[in-house]
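Residue numbering for the sequence shown is 81 to 1025, as defined by the numbering used here.
Even for Gly, the Cβ is constructed at its ideal location relative to N, Cα and C.
Source: prediction; values computed, not measured.
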Amino acid sequence: MLDKDNTIEVLGARVHNLKNIDISIPREKLVVITGLSGSGKSSLAFDTIYAEGQRRYVETFSAYARQFLGGLERPDVDKIDGLSPVIAIEQKTTSKSPRSTVGTITEIYDFLRLLYARGADAYSYNTGEKMVSYSDEQIKDLIIQDFNGKRINILAPVIKARKGHYAELFQQITKQGFLKVRVNGEVQDLVSGMKLDRYKTHDIEIVVDRMVIEDTEDNKKRLAESINTAMHHGENVLMILDQDTNEVRYFSRNLMCPTTGISYQNPEPNLFSFNSPKGACPHCNGLGTVHEINAKKIIPNPKLSIKSGGFAPLGEYKSSWIFKQLEVIGEKFGFKITDPIEKIPAEAMEMILHGGKDKFTINSKDLGVTRDYKIDFEGISHFIKNQYDESASTTIKRWAKDFMDEINCPVCEGSRLKKEAQFFRVNGKNITELCDMDISDLTTWFQDLNNHLTDKQLLIASEVVKEIKDRLNFLMNVGLNYLALSRSSKSLSGGEAQRIRLATQIGSQLVGVLYILDEPSIGLHQRDNEKLIHSLEQLRDIGNSVIVVEHDKDMIETADYVIDIGPKAGKYGGEIISIGTPAETLKSNTITAQYLNGTMKLEIPKERRKGNGKFLKLSGATGNNLKNVTIEIPLGQMTCVTGVSGSGKSTLINETLYPILNAYYFNGVKKPQPYKKIEGLEHIDKVIDIDQSPIGRTPRSNPATYTEVFTEIRNLFTMTSESMIRGYKAGRFSFNVKGGRCETCEGSGVRTIEMNFLPDVYVECETCQGKRFNRETLEIRYKGKSISDVLNMTVDEAVPFFENIPKIYRKVKTIQDVGLGYITLGQQSTTLSGGEAQRIKLAGELSKKDTGNTFYILDEPTTGLHFEDIRVLMDVINKLVDKGNTILVIEHNMDVIKLADYIIDIGPEGGKGGGELIAKGTPEEVAKSKKSYTAKFLKKELEQK
C-alpha cells in the first residue's frame, strides 16, 4: 500500500473523457502514465494535475496581479491533495524568434558572456597585438621610467582621421587656455581664424603640456595634473611625443592598441550579446543574416524588353507612372522600352535599379521645340528593399522576399556581434568560435581550459567555468552532444526542445518539485534512451516527483510505478485499468501488458515488397552536416530513414528532398538545402508531407471541418425537402457565419462570462443549449438527426449512418480506419493530441482519390502512439503502399523500422560526426551492418520473431 502522507491524491477527476477517477500517485518516484492514444493520459497529467498546480500558484498572487495574467480555469476535479509546485516540460514550448538560440535557452551563453567580459584578453583588430590598459598612477610611473631626462609633449587626441575645417574646434581649444595643437603630426601655435582643408582627413591633438621629465616631487605633481587634463580632453586616451626623436606612445585608461592607439571600451557582458545594441552587429542588428536584392531574380531573362515584362517585379507594360518614368529615363540615355534589357546602357541600368533624380531638356528636331523632363525615380531595388523592411503586410513582404537572397551578414560574417567583440579571446578562441563548436567538442575544450589560464584569470573565472561545465554535461546526458550553441531554436525538433528544457531544469537543482513530461523520448534514438532515463532518475534522486506520459518500452520497464489508462480511447477510455510497479503491470491483462510481455506483437512480414523497380535519386546533398550524400529511394515501397538524433535525417528529407518535390509539383517557395541533382521526378505525380502540427488553433476547428466532410454534410442537409422549401443554402448550416447559427453564443455553443479577478467561466448557451444553431436550422433533419446531432456523433456512429452517401462515407471511413473511431465529428481540435492530429491529416489525405503514384513523407508518425495504435497506423500505411504509392518515414521506433521494405541509415553519430550514408537495404541487410547503431537494436527485434 502507498503511504498516504507521501502521495498525490486525485479524487473525482472528470476532465475531458476521465470517468470520475480517484488515484493515489507516489511522490519522489518516477511514475509513467501509459495507455492508448486518446485514452486520457494527458487529461490526467496536464489538464488535471498540472492545471490545478498552475491555478494554485496564480491564486497566491494579489488580485491586482491576477487581472493581468488572465484567469486559469479550475479543472473538473473534486479534490487534489499533496500537490507540490508543478513544472511541465512539453514539446511545443520553444521560441520561434530568430534571436533565440540553444545558447540563450540553456543560459550557457549568459555565462560565456560573463566569462569573456571578466576574463578574456583583448587584441587589436588593426595589428593583432594584445591590448593594454593602465591606471593614471601606472601611466605616471611608466612615463618617469621610460622618458627620464627627456623633453616630451603631453597630447590629448581629439580628432582621429576625420574630414572637416575644424575652425570652431580651434576656437574652443583657444578659449580653454591651450596655446598649441599638433595637426597631422606637426606642432603648431593656435592663431585666430585657424582652419584646415575640409576635404582632407586630419588628426588633431591638443598639446596639454611640454616638459622635461625629472624624478622630483614637483615634476611628478605637474605630470599627474597634466595626465588628468589630457585624459579628460582625449576621452581616456593620451599620447606622449618625444621631442627629440618625434616618436609617439599611446596610454589609455581603456583597452588600447599600443601601436595604433585604437581603444575599446572596458568590456561588459552586453558587449557580447547580439540582443543588445551595445553588442549587436549594426549592419544585421544581431540576426547574422541580411536580405540582399538579387539582380538575376529581378531580370530573369535579359533578352526580353521592359515592355514584354523583362523586369519581373513590374510585369508587362501598363499605362502607369512607373513605366512613364522608365520611358523618360530612356529619353535621357537613348534607349526605348521595346529594346532588349541587355542592350540598355550601364548608367541607365544603375538609375533604373538604384534610383536617381535629374532634370534635362531635349530639343525636338521635327517640331523645333524643346521639352523639359524631370526624373525622380526611387529605383526598383530600393523599392523592393523598402517594402521588405517597412511594409506591415506579410503578403507584400513575401513578394519582396522572392527577389532577395538571405545571405550571411557581410560585416559580421554571420557571427551577429560587433567587430570589437570578436577580438576578445580566451585560450585563443573568441566567443563566436566557441558557439559554433559541437557541445561534445566544447565540453572537451572546457575540461582542458584551466591549464591555459593565468592565475588572475583562474581566480575570476573558476566559478563561471564550473557552471558552464555543469550545464554542458547535462546537455551531453540527454543526448544533445551534436548541437552547437549558435543553433537557432526554431530549427529544433519537439523532442530536442523538450530535452534542452529538461537539461536546464536538472541544472537548476530544484528540490521538492513535481515535473510532468510529455513523451521526452520523441525523436531520440534507442542508443540515447538510457541517457535520458538516467537524467530523469537523477531528477527523482535529488528529491523531486517525476510523472512521464510515455509509450516507450524501456521507460515503462524502468519506472517505479506505472499507471495504465484505458481500456480504449475517447469515450471508451478514461478509466484506470492497471496500477502498480512494472512487474505488477506485466501480470495484468491490459493491452499494454500484452505488448510488454510479448503476448501481442507487430508481426514481421513474411516477405518484403519489391516495389515497381523505379527509383527517386537525390545526389550530392550537402546541407548542414550532410557530407555529399547520395540516396536512392525505391518507389512503390515503404522506406524508413533512420539514424541517431542529429545525424542529418531531417536535413536530408524535410529540408532538401521535400522542398525540391514541393517546388516541382506545386511551385513551393521554400528553398532546398544545397544538392547536385535529382532524378526520377517523372515517376511520381505529387508529394504530401504529413507532420504533427495542430490541425487548428481555435475551438471552432474540428475533424469534420479539417477533413472537409462537414462541407459535404451541409450540402446533404440543403438537399432535404424541408430545406429546399425554405430555400436554405449551405451557409445556413455553418456555425461560423450569420444566418443559421445561434447568435447569442455566435455558434460556439458556450458563453464566456468574464469574472473580474477570477477565471472566466464558460457556461452552456441558454438559448441553444450548446447546440450552436438556432431553432429554425435545427428543425431540418436527415434520418431524424439535426446538424447538431451529427456533429455530436462519434466517427464509429457516423460510418453506418452515412453509408449510402459515398462522398461522406469515404471520408468518415478513413478517419475510422486510422483508429480514430472514438472522436466526435465536432470535437474541438484544441483538445486533440499530437498523434490524433497527425492521423486526422493522414485520414484527410487518404480520403482523397489517390493516383497510385503519390509520394508521402511522414516525420515520426508514431509520436504519441501506443503499441496498438502503431499496429493500426501500419495497416493504413500498408494499404497505401499496396496501391502502388511510396511512403517515406523518418522514424526511431523499432516497431515501424522492422516492418519497412527498405531502410536508409544516416550517421554514424550526430552533428559533425554524422551526415553520411551508413547502411541501406532491407531490414535484414541493414541489421548486418557493423557501423550502424540502428543495426544493433534492429537485430534484436528481428531475432524476436
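Under three-state DSSP, which class holds residue i?
i, result
"residue 652", "helix"
"residue 800", "coil"
"residue 392", "coil"
"residue 64", "This structure leaves residue 64 out entirely; the chain is present only between 81 and 1025."
"residue 504", "strand"
"residue 364", "coil"
"residue 127", "helix"
"residue 337", "coil"
"residue 771", "coil"
"residue 146", "helix"
"residue 930", "coil"
"residue 290", "strand"
"residue 635", "helix"
"residue 646", "strand"
"residue 873", "coil"
"residue 279", "coil"
"residue 1007", "coil"
"residue 1017", "helix"
Can you grab the Cα-Cα spacing for the pair residue i / residue j, in whole Å?
i, j, result
"residue 277", "residue 237", "19 Å"
"residue 787", "residue 721", "28 Å"
"residue 696", "residue 705", "22 Å"
"residue 757", "residue 698", "6 Å"
"residue 199", "residue 545", "11 Å"
"residue 548", "residue 488", "28 Å"
"residue 702", "residue 728", "10 Å"
"residue 432", "residue 371", "20 Å"
"residue 820", "residue 894", "29 Å"
"residue 708", "residue 700", "4 Å"
"residue 339", "residue 255", "32 Å"
"residue 337", "residue 214", "12 Å"
"residue 363", "residue 750", "25 Å"
"residue 903", "residue 659", "26 Å"
"residue 656", "residue 672", "13 Å"
"residue 693", "residue 613", "43 Å"
"residue 348", "residue 598", "39 Å"
"residue 168", "residue 590", "14 Å"
"residue 606", "residue 939", "17 Å"
"residue 146", "residue 127", "20 Å"
"residue 725", "residue 190", "26 Å"
Below 8 Å on the Cβ atoms is my contact criterion, and I expect residue i with residue j to pass it. Report the Cβ-Cβ distance as a whole number of Å.
i, j, result
"residue 986", "residue 888", "Incorrect: roughly 42 Å between the Cβ atoms, too far for contact."
"residue 718", "residue 957", "6 Å"
"residue 89", "residue 160", "7 Å"
"residue 620", "residue 110", "5 Å"
"residue 284", "residue 317", "The Cβ separation is near 13 Å, so there is no contact."
Could you name the residues that DSSP lists as bridge partners for residue i?
i, result
"residue 268", "261"
"residue 987", "996"
"residue 563", "Note: residue 563 sits in no beta bridge, so no partner."
"residue 699", "757"
"residue 805", "Residue 805 is not bridged to any residue."
"residue 966", "935"
"residue 641", "111"
"residue 763", "Per DSSP, none; premise fails for residue 763."
"residue 497", "360"
"residue 233", "290 and 321"
Given 8 Å as the limit, tell me if residue i has its C-beta closer than that to any heavy atom belonging to the ligand ADP.
i, result
"residue 221", "With respect to the ligand ADP, the structure offers nothing, as it holds no ligand at all."
Using beta carbons (cut-off 9 Å, strictly below), is residue i in contact with chain B?
i, result
"residue 1018", "Considering every chain present, this structure includes no chain B. It has just one protein chain."
Do the region 990-998 and the region 929-944 touch if we need at least three Cβ pairs shorter than 8 Å?
-> Result no; under three Cβ-Cβ pairs closer than 8 Å.
Are at least three pairs of beta-carbons, each pair with one atom in the region 395-402 and one in the region 351-369, less than 8 Å apart?
-> No, because fewer than three Cβ pairs between the region 395-402 and the region 351-369 fall closer than 8 Å, the two stretches do not touch.
Are the region 768-786 and the region 902-919 in contact at 8 Å, needing three or more beta carbon pairs?
-> Contact between the region 768-786 and the region 902-919 is established, with three or more Cβ pairs separated by less than 8 Å.
Tell me, please, whether the region 630-641 touches the region 651-669 by the rule of three or more beta-carbon pairs shorter than 8 Å.
-> Yes, the region 630-641 touches the region 651-669.
contact_flag[the region 374-391, the region 419-427] where n(CB pairs < 8 Å) is 3 or more | In short, these stretches touch, since the Cβ pair count reaches three.
Determine, using beta-carbon pairs with one atom in the region 204-218 and one in the region 320-335, whether at least three such pairs fall under 8 Å.
-> Two segments are said to touch when three or more pairs of C-beta atoms, one from each, lie closer than 8 Å; by this definition the region 204-218 touches the region 320-335.
For the 8 Å Cβ check, are there 3 or more pairs between the region 764-772 and the region 854-862?
-> Counting Cβ pairs under 8 Å, fewer than three are found: no touch.
Between the region 532-541 and the region 1002-1013, do at least 3 Cβ pairs fall closer than 8 Å?
-> Counting C-beta pairs with one atom in each stretch, the region 532-541 and the region 1002-1013 have fewer than three that are closer than 8 Å, which means they do not touch.
Would you check if the region 289-301 and the region 231-247 touch, i.e. whether three or more CB-CB distances between them fall below 8 Å?
-> They touch, by the three-pair rule.
Would you check if the region 113-132 and the region 640-648 touch, i.e. whether three or more CB-CB distances between them fall below 8 Å?
-> In this structure the region 640-648 lies against the region 113-132, because at least three pairs of beta carbons, one per stretch, are closer than 8 Å.
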